[in-house]
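Protein chains in written order, with the UniProt record's numbering: chain A, 1 to 285; chain B, 1 to 364. Note that beta-carbon positions come from the ideal geometry of N, C-alpha and C, so glycine has one too. Owing to the predicted nature of the structure, the values given are computational and were not obtained by experimental measurement. Structure record follows, encoded as structure tokens.
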Amino acid sequence: MTKKKHSKVFLTVAPLYLFTLIFVLGPLLYMIGLSFATNNDSWGVTWKFTLENYKKIFEPVYLQSFAQSFQLAFFSTLLIMLIGYPFGYFMAKLSAKWKKRMMLLIMVPFWTSSLIRMYGWIIILQAKGVFNKLLMALGVIDEPLKILYSYPAVLIGMVYALVPFMMLAVYSSVEKMDWSLVEAARDLGASPMYAFLTVTLKLTLPGLLSGVILTFVPSMGLFFIADILGGNKIVLVGSLIQDQLTRGSNWPFAAALAVLLMVMTSLMMYLYRSITHVKDLEGIF
Amino acid sequence: MEDSILELKGIEKSFGSSEVLNGIDLKIKKGEFITFLGSSGCGKTTTLRIIAGLEMPDKGQVILEGRDVTGLEPHERDVNTVFQNYALFPHMNVEANVGYALKLRRMPKPEIKEKVKKILELVQLSGYEKRMPQELSGGQKQRVAIARALVNNPKVLLLDEPLGALDLQLRRAMQLELKKLQKKLGITFLYITHDQEEAINMSDRIVVMNKGVLEQIGTPDEVYNHPMSSYVATFVGNANIVRGKIVQIQGEEALVEISTGKIKVIIDPNREQIGQEITIAVRAENILVCEECKEALPAVILEKSFSGGQLRMVIGLEDGKEIIASRYGIDSHVQIGQKVCVGWKPADAIIVDREEQNDEKETF
Numbered sequence: 001m002t003k004k005k006h007s008k009v010f011l012t013v014a015p016l017y018l019f020t021l022i023f024v025l026g027p028l029l030y031m032i033g034l035s036f037a038t039n040n041d042s043w044g045v046t047w048k049f050t051l052e053n054y055k056k057i058f059e060p061v062y063l064q065s066f067a068q069s070f071q072l073a074f075f076s077t078l079l080i081m082l083i084g085y086p087f088g089y090f091m092a093k094l095s096a097k098w099k100k101r102m103m104l105l106i107m108v109p110f111w112t113s114s115l116i117r118m119y120g121w122i123i124i125l126q127a128k129g130v131f132n133k134l135l136m137a138l139g140v141i142d143e144p145l146k147i148l149y150s151y152p153a154v155l156i157g158m159v160y161a162l163v164p165f166m167m168l169a170v171y172s173s174v175e176k177m178d179w180s181l182v183e184a185a186r187d188l189g190a191s192p193m194y195a196f197l198t199v200t201l202k203l204t205l206p207g208l209l210s211g212v213i214l215t216f217v218p219s220m221g222l223f224f225i226a227d228i229l230g231g232n233k234i235v236l237v238g239s240l241i242q243d244q245l246t247r248g249s250n251w252p253f254a255a256a257l258a259v260l261l262m263v264m265t266s267l268m269m270y271l272y273r274s275i276t277h278v279k280d281l282e283g284i285f
Numbered sequence: 001m002e003d004s005i006l007e008l009k010g011i012e013k014s015f016g017s018s019e020v021l022n023g024i025d026l027k028i029k030k031g032e033f034i035t036f037l038g039s040s041g042c043g044k045t046t047t048l049r050i051i052a053g054l055e056m057p058d059k060g061q062v063i064l065e066g067r068d069v070t071g072l073e074p075h076e077r078d079v080n081t082v083f084q085n086y087a088l089f090p091h092m093n094v095e096a097n098v099g100y101a102l103k104l105r106r107m108p109k110p111e112i113k114e115k116v117k118k119i120l121e122l123v124q125l126s127g128y129e130k131r132m133p134q135e136l137s138g139g140q141k142q143r144v145a146i147a148r149a150l151v152n153n154p155k156v157l158l159l160d161e162p163l164g165a166l167d168l169q170l171r172r173a174m175q176l177e178l179k180k181l182q183k184k185l186g187i188t189f190l191y192i193t194h195d196q197e198e199a200i201n202m203s204d205r206i207v208v209m210n211k212g213v214l215e216q217i218g219t220p221d222e223v224y225n226h227p228m229s230s231y232v233a234t235f236v237g238n239a240n241i242v243r244g245k246i247v248q249i250q251g252e253e254a255l256v257e258i259s260t261g262k263i264k265v266i267i268d269p270n271r272e273q274i275g276q277e278i279t280i281a282v283r284a285e286n287i288l289v290c291e292e293c294k295e296a297l298p299a300v301i302l303e304k305s306f307s308g309g310q311l312r313m314v315i316g317l318e319d320g321k322e323i324i325a326s327r328y329g330i331d332s333h334v335q336i337g338q339k340v341c342v343g344w345k346p347a348d349a350i351i352v353d354r355e356e357q358n359d360e361k362e363t364f
């Protein structure tokens, strides 16, 4: 009876397993395999084991790209945290009606392709763009700032593209907050700031950290933002991979880069898990 | 005057258009166990939150040890609260929870440890320092919450229905324990409950609240045996309320005419006169039910139920008004539908809602 039931359940979920196997695990294994294969100078690969592709990553030019990606990801995540946390926090404290409205405002941009939205930023940031005109009209600057095709432009684009994820992650954890805990802290003698740091922030840390994961990881790979707003001056790992796949046609090297990126991402996930786990046992400070 | 530790002066509070508190005046003595008793929505929790500083009154003052603290933030007041849902910090163990207030006052760690240990001993939770709140039972969480609020040595401890979530047996045990603890520490306890038994068991004084006003303030004996209003009589003493008119006075005994008959009541000859309308309260256990009518009101048994060792009868008077009577043990003599007579000893009828105390109520 139970056995029969089991097999029935299995049958219903089998397509899901099959799908995952074919479309997730398959390509993944293929990519890992590819990263150890030898590249042919003319076309295609030879399935001969080599570590050359990984060694190549340590060439300064590529290492620099990794460093640059990390740096950009770090600063954009930092900015996203600073903007996204307060936003998510205050959004969770709004009335139900206003929560819905804010949610809609966050969602609306997603209805347009992010590529197109990045072109929108060109219009805003270019020398004769909206942003410069506004600053000049306000008398803040005399000459247009050269923001477009620079590091700040890429940073702006990154923050713009990824901040909603932080907002939503923080929002969902602040929403679950039991505010009587903050009242208890205040009652016990904590100033509003101390209560926030020791209670609210601690209890919403999982939301903040998952926001960090959701923004840090993609910000290393969103090459089109760097390409469009950075004018090829900033080469991220994402653009490097894309470049090696298309123009460079060195698939094994692209695969090696991708594998390394994935390992680093998994490492972050692991860190997140261990941090939130620690939280369950002791509390972080 | 000097020994009043906490004083409320004309506290008023509304949320939106609904008035929650309508002029609360109260003086609480040092070392007193005072209970706010009232049904939900009567404003007792709001009063407590105003004292704690978690809510601002629209009008009025909160005076703690002679100092006006009305405008002060919660962390600037020497009162601590035991919250209804305990509000233990889920990310801290028992020791960190209890030591929270000490840590933020930058007390050295060994000293915190020592104090926490002592207070946990006091609430009989020694050895639970490293447990997380989710590993504790309801009663244990309650003890931690009390320890956490007491560790600061507050001038007044506010307890918001702290035993509400516990089962009956544990609640009774905790009542006694809390009372003992309060006596031992000498800290003023301001306790909130909707359970009249709890209030009577623990309090030095009871404040009965109804619709944002204080109905009566007094010792458990005063509130139970000498209710001043029909609300207090019904809420605290489960009394029946009957209205009638005095038709005859003989010394302290008056004959009162109610809708379905005449019955004797003890009155105060200085306050009541012939022809006056009065409201009387008679507690359910004082209602006499007999099968033959003498000086009593004809009635019929409508319902019988047995709970908590008591037989509870709903008895209908001839005009349809229902009277509740209760007895210890099972009384098998009366049957549903049986014609009986109800009455009471004249001394068991308490006159409530006397006009001089309740002018406003009568005019409305």
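Residue-level contact to chain A via CB, residue i, 8 Å cutoff
| i | result |
| --- | --- |
| B:Thr81 | yes |
| B:Leu48 | no |
| B:His91 | yes |
| B:Pro162 | no |
| B:Ala239 | no |
| B:Arg354 | no |
| B:Asn85 | yes |
Inter-residue Cα distance where the pair is residue i and residue j
| i | j | result |
| --- | --- | --- |
| B:Asn93 | B:Thr234 | 44 Å |
| B:His75 | A:Pro152 | 43 Å |
| A:Ala127 | A:Trp121 | 12 Å |
| residue 365 of chain B | B:Ala199 | A query on residue 365 of chain B cannot be resolved here, the shown segment of chain B reaching from 1 to 364 and no further. |
| A:Ile80 | A:Met262 | 22 Å |
| A:Gly231 | A:Phe131 | 18 Å |
| A:Asn250 | A:Leu29 | 18 Å |
| B:Glu12 | B:Val213 | 10 Å |
| A:Phe285 | B:Asn153 | Here the model assigns A:Phe285 a pLDDT of 26, short of 50, so the residue's position is not dependable and the matter cannot be decided. |
| B:Thr45 | B:Val123 | 25 Å |
| B:Lys103 | A:Ala67 | 41 Å |
| B:Leu297 | B:Asp204 | 38 Å |
| B:Ile112 | B:Leu166 | 29 Å |
For residue i, the residue or residues it bridges with in DSSP
| i | result |
| --- | --- |
| B:Gly99 | BP columns for B:Gly99 are empty, so no partner. |
| B:Asn210 | B:Val213 |
| B:Leu37 | B:Thr193 and B:Val208 |
| B:Cys290 | B:Cys341 |
| B:Thr188 | B:Val156 |
| B:Ser18 | B:Phe15 |
| B:Gln250 | B:Glu253 |
| B:Pro298 | B:Cys341 |
| B:Glu322 | B:Gly316 |
| A:Gly84 | DSSP, once it has assigned bridges, lists no residue as partnering A:Gly84. |
| B:Tyr328 | B:Gln310 |
| B:Val82 | B:Leu159 |
Below-8 Å beta-carbon distance, residue i vs any chain B residue
| i | result |
| --- | --- |
| A:Asp187 | yes |
| residue 286 of chain A | Any question about residue 286 of chain A goes unanswered here, given that chain A covers just 1 to 285. |
| A:Val130 | no |
| A:Val199 | yes |
| A:Ala184 | yes |
| A:Lys93 | no |
| A:Ala96 | no |
| A:Ser210 | no |
| A:Lys279 | For A:Lys279, the predicted structure reports a pLDDT of 44, less than 50, and the residue's modelled location is therefore unreliable. The matter cannot be settled from this model. |
| A:Tyr194 | yes |
Reduced DSSP category for residue i - H, G, I as helix; E, B as strand; rest coil
| i | result |
| --- | --- |
| A:Gly129 | coil |
| B:Lys304 | strand |
| B:Lys339 | strand |
| A:Phe36 | coil |
| A:Glu183 | helix |
| A:Ala169 | helix |
| B:Ala199 | helix |
| B:Met313 | strand |
| B:Gly71 | coil |
| B:Ile351 | strand |
Top-ranked residue by Cα proximity to residue i, from the options
| i | options | result |
| --- | --- | --- |
| A:Tyr54 | A:Gly129, A:Asn132 and A:Phe36 | A:Phe36 |
| B:Ala52 | B:Asn286, B:Glu177 and B:Lys155 | B:Lys155 |
| B:Gly43 | B:Ile246, B:Leu168, B:Phe15 and B:Glu65 | B:Phe15 |
| A:Ser69 | A:Tyr270, A:Ile228 and A:Phe223 | A:Phe223 |
| B:Val300 | B:Asp319, B:Phe89, B:Glu73 and B:Thr279 | B:Asp319 |
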